[in-house]
Amino acid sequence: MTDPSVPGVMHLDLDAFFAAVEQRDKPSLRGKPVVVGGTGGRGVVSTASYEARVFGIGSAMPTARARRLCPNAAYLAGRFEAYREVSRQVMDLAHELSPLVEPLSLDEAFVDLAAAHPGLDVEAARTVAADFRAAVRARTGLTVSVGVAASKLVAKIASDLRKPDALVVVPPAEQEALLAPMSVRTIPGVGVVTGDRLVRVGLKTIGALAAADEAELVRMLGRAHGTALLAFARGVDPRPVVAEREAKSVSAEETFAVDLTDRRDLAERLRRMADRVAARLAAAGLSGRTVTVKVRRYDFSTLNRSRTLPHATSSAREIAQNAGDLLDAVDVADGVRLLGVGVSGLSEFSQIDLLAELEPEPQDTDTTEDEPLESPQPYGPPAAPGWRPGQDVQHTGFGPGWVQGSGAGRVTVRFEGPHTPVGRIRTFRDDDPDLTPAGPPVFDPEHP
DNA sequence: TCTGGGGTCCTAGGACCC
DNA sequence: TCTGGGGTCCTAGGACCC
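The first sequence runs 1 to 448 under full-length UniProt numbering.
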């Protein structure tokens with residue numbers, strides 16, 4: 001439980017995280033608009049650099065629209081291995097402040113400062129947070145915005161207040177005055193639907209919401225949401241910082257470049273996604289009882305079908321079998337744009353797994369490999385050997401670089417890294433044997 | 001403008017049990 | 001013959017977050 005009189009909760013939020021890592025590792029992109037996200041026809045923007053935001057580009061926007069707004073930005077597919085590594089470094093630095101760190105995503109976390117700093121006051125909190133920001137910058141080369149307050153709610157709002165590269169400490173005594181004039185949409189958990197509902201009944205600001213009638217809110221938003229929101233508006237948020245939350249579900253899904261109608265295609269893709277889910281379950285030592293299939297149709301309507309087994313499983317075959325049965329009962333004739341598989345109701349191990357270890361299940365490897373699918377065509381771009389924009393590569397003659405673009409049998413590479421000047425570009429045949437995929441470049445904090 | 005992929009939490013109704 | 005109340009599990013859908 002957090003003490004409402006002590007500024008003991010810190011929220012950290014890396015600035016334009018994915019785009020910032022790209023600019024760090026690719027000198028030619030520094031100071032330029034960079035957009036990371038889906039680069040295909042149905043992709044959306046994951047992160048836009050601040051230079052790209054000037055053009056009106058933002059998260060969740062269709063990449064096609066972003067391209068119209070700023071055709072000259074760099075559009076990159078993302079390098080999650082690199083992002084995970086930077087995230088791990090930042091979370092390690094957070095753990096030096098307190099053992100209680102609650103990651104919300106790769107680029108965000110809460111830290112319970114009070115748990116490690118008895119007698120914390122506003123000045124001490126500011127010093128701790130400032131030192132942390134400097135440490136992140138030195139270790140990763142990135143800027144992080146930080147909010148410190150008496151609760152998760154206010155710390156999170158604070159970290160967003162003066163982004164990027166900002167530190168905002170909200171003294172508990174000033175909290176109410178800060179929140180009152182803010183839009184209800186500022187509250188995490190109030191999205192488009194809830195926001196519109198509140199505004200429609202005249203509740204535009206947090207101050208107005210604080211004076212609302214609880215029964216009315218509960219009628220409008222449901223028990224949990226109604227009561228929580230009223231408490232938040234009144235500055236009441238006792239949620240503790242919780243480290244190590246256990247996963248509740250594992251899933252994989254894919255949006256196709258072109259809607260699919262062929263059941264054999266769909267079943268095959270479902271099976272491959274089941275393989276990925278099973279592999280991730282196994283890696284985490286988990287298994288689950290409920291298998292879910294998600295289908296998004298041509299018109300974006302989405303349905304889920306689930307089935308709970310009498311036992312927990314992490315078997316790719318069993319997940320695929322059940323998912324396939326569920327899919328068989330769904331009408332796909334009009335076209336499916338997205339298909340997904342998930343497993344929930346997780347537990348740490350299962351009898352079946354223990355038995356399987358003694359007597360391994362047949363690993364039908366001949367069909368689980370990612371061979372090209374049979375009927376090749378209407379799946380969108382011709383299956384180029386898979387050079388993705390932004391990808392790290394190595395050339396036997398030119399050294400490390402990254403893919404700037406590919407197509408028509410060619411791939412263009414820029415040869416540079418986090419500690420080089422802006423590099424030169426060269427174009428190769430896309431099957432050039434001298435060119436190979438590479439891991440992320442190493443960022444050296446000691447480099448001058 | 002035409003909407004990703006990975007998640008979390010909540011609600012509501014029906015089955016089933018005591 | 002008609003009718004209880006509460007609890008748990010399951011399924012489906014939806015809002016929201018990064």
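We treat Cβ as the ideally placed atom computed from N, Cα and C, and that holds for glycine.
In this structure, how does DSSP classify T261 when only helix, strand and coil are distinguished?
In this structure, DSSP gives T261 a state outside helix and strand, which the three-state scheme calls coil.
Is it right to say I425 is buried, meaning 16 or more other beta carbons lie within 10 angstroms of its own, or is it exposed?
By the neighbour-count rule (16 or more Cβ atoms within 10 Å), I425 is not buried but exposed.
Exposure label - P376; buried when at least 16 CB within 10 Å:
Note that P376 scores a pLDDT of 39, beneath 50, so its modelled location is shaky; the value from the coordinates is reported in the next line. With fewer than 16 other Cβ atoms within 10 Å, it is exposed.
Does DSSP put Q391 in a helix, a strand or coil?
When DSSP states are grouped into helix, strand and coil, Q391 belongs to the coil group.
How big is the Cα-Cα spacing for V422 and A233?
Distance between the alpha carbons of V422 and A233: 49 Å.
From which residue to which residue does the alpha helix (DSSP H) around G119 run?
Careful: G119 lies outside any alpha helix (DSSP H) and carries neither H nor E.
Sorted by chain position, which residues of the same chain lie with C-beta nearer than 6 Å to Q89's C-beta, five sequence neighbours on each side aside?
If we look at Q89 and ignore the five residues flanking it on each side, its Cβ neighbours are R139, T140.
F349, buried or exposed, once every other Cβ within 10 Å from all chains shown has been counted against 16:
For F349, the number of other beta carbons within 10 angstroms of its own is below 16, and it is reported as exposed.
Which of helix, strand or coil does DSSP assign to K163?
K163 falls in the coil class under three-state DSSP.
Taking DSSP as the reference, what is the three-state secondary structure of M61?
Looking at M61 - three-state DSSP - the assignment turns out to be coil, as it is neither helix nor strand.
Specify, as a first and last residue, the run of the beta strand (DSSP E) that L76 falls within.
74–76 is the extent of the beta strand (DSSP E) around L76.
Buried or exposed: F300, going by 16 or more other Cβ atoms within 10 Å of its Cβ?
It counts as exposed.
Looking only at its chain, what residues have a beta carbon closer than 6 Å to the beta carbon of T368, apart from the 5 residues adjacent to it on each side?
Below a pLDDT of 50, predicted positions are generally treated as unreliable, and T368, at 43, falls in that range; the measurement from the model is reported next regardless. Residues D275 of the same chain have their beta carbon placed closer than 6 Å to that of T368, with the five preceding and five following residues left out of the count.
Which residues mark the beginning and the end of the alpha helix (DSSP H) in which F18 is found?
Note, F18: alpha helix (DSSP H), 17–25.
Checking 8 Å against the spacing of the C-beta atoms, do residue 451 and K156 come in under that value?
There is simply no residue 451 to check, as the chain begins at 1 and stops at 448 in what is shown.
So V343 and I319 are in contact, right, with Cβ under 8 Å, and what is the actual spacing, rounded?
Indeed, because the Cβ distance is near 6 Å, the residues count as touching under 8 Å.
Our contact map puts G345 next to D25 with C-beta atoms below 8 Å; I'd like the distance itself, whole angstroms only.
Taking a contact as a CB-CB distance under 8 Å, the pair G345 and D25 does not count as one, their CB atoms being some 40 Å apart.
Buried or exposed, going by whether 16 or more other CB atoms sit within 10 Å of the CB of A124?
A124 is exposed by the Cβ-count criterion.
When you compare only the Cα positions, how much space is there between G235 and Q175?
Their backbone Cα atoms lie some 7 Å apart in a straight line.
If you reduce the DSSP assignment to three classes, tell me which class R234 lands in.
Coil, per DSSP.
When the distance is taken between beta carbons, is S287 closer than 8 Å to T313?
At a Cβ-Cβ threshold of 8 Å, T313 and S287 count as neighbours.
Cβ pair R126, V169 closer than 8 Å
Against a cut-off of 8 Å, the Cβ pair of V169 and R126 comes out as a contact.
For P433, I'd like the list of residues in its chain whose CB is within less than 8 Å of its CB, leaving aside the five on either flank, ordered along the chain.
Closer than 8 Å at Cβ, skipping near neighbours: no residue.
Which residue marks the beginning of the beta strand (DSSP E) containing A149, and which one marks its end?
Taken as a continuous stretch (DSSP letters only), the beta strand (DSSP E) holding A149 covers 144–149.
In angstroms with no decimal places, state the Cα-to-Cα distance between V411 and A243.
Cα atoms of V411 and A243: separation of roughly 44 Å, rounded to the nearest angstrom.
Is it a yes or a no for the segment 68–83 touching the segment 31–39, going by three-plus beta-carbon pairs under 8 Å?
The count of Cβ pairs closer than 8 Å, one atom from the segment 68–83 and one from the segment 31–39, reaches three, so the stretches are in contact.
Check the DSSP bridge columns for K399 and list the partner residues they point to.
According to the sequence as given, residue 399 is Gly; it is not Lys. Looking at the DSSP assignment, G399 forms a beta bridge with H395.
With C-beta atoms as the reference, is V146 less than 8 Å away from D15?
Taking 8 Å as the cut-off, the beta carbon of V146 is found no closer than this to the beta carbon of D15.
Relative to the C-alpha of D3, which candidate in V413, L327, R239, W387 has its C-alpha closest?
Distances from the alpha-carbon of D3 to those of V413, L327, R239, W387 put R239 closest.
From E102 to G409, what distance separates their C-alpha atoms?
Using only the alpha carbons, I get a separation of about 46 Å.
Determine the direct distance from the alpha carbon of S306 to that of G335, and round the result to whole angstroms.
So the alpha carbons of these two residues sit roughly 21 Å apart.
Closest by C-alpha distance to A180, when choosing among D160, G226, K204, Q23:
A180 has its Cα closest to that of K204, out of D160, G226, K204, Q23.
How about T261 and A329: do their beta carbons lie closer than 8 Å?
Remark: C-beta atoms of T261 and A329 do not approach each other more closely than 8 Å.
When E22, V6, P7 are compared against V442, the one with the closest alpha-carbon
Sorting E22, V6, P7 by C-alpha distance to the C-alpha of V442 places E22 at the top.
Quick check on T308: buried or exposed, where buried means 16 or more other Cβ atoms within 10 Å of its Cβ?
The Cβ neighbour count for T308, taken over all protein chains shown within 10 Å, is under 16; the residue is labelled exposed.
DSSP puts N304 in a beta bridge; with which residues?
Beta-bridge pairing links N304 to K294.
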